[in-house]
Amino acid sequence: MTPFMCEDFLLSNETARRLYHDYAAQQPIFDYHC
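Residues 7 to 40 (this note's numbering) make up the sequence shown, in order.
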């Protein structure tokens, strides 16, 4: 049984998981809403 909030919680297919882990995960997070 997988945990409710695993690292792939919102990544619904293999393509999404590959794109996130290979490219997006290393990018910084910018929060401009302040």
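For each residue, glycine too, the CB sits at the ideal point set by N, CA and C. Nothing here was measured: the structure is a model prediction, and the numbers come from that model.
Anticipated Cβ contact below 8 Å, residue i with residue j, distance rounded
{"i": "Arg23", "j": "Leu17", "result": "5 Å"}
N-terminal and C-terminal residue of the alpha helix (DSSP H) that residue i is part of
{"i": "Asp14", "result": "Unbroken run through Asp14: none, as it is neither H nor E."}
Per-residue DSSP class, three states only, for residue i
{"i": "Asp37", "result": "coil"}
{"i": "Tyr26", "result": "helix"}
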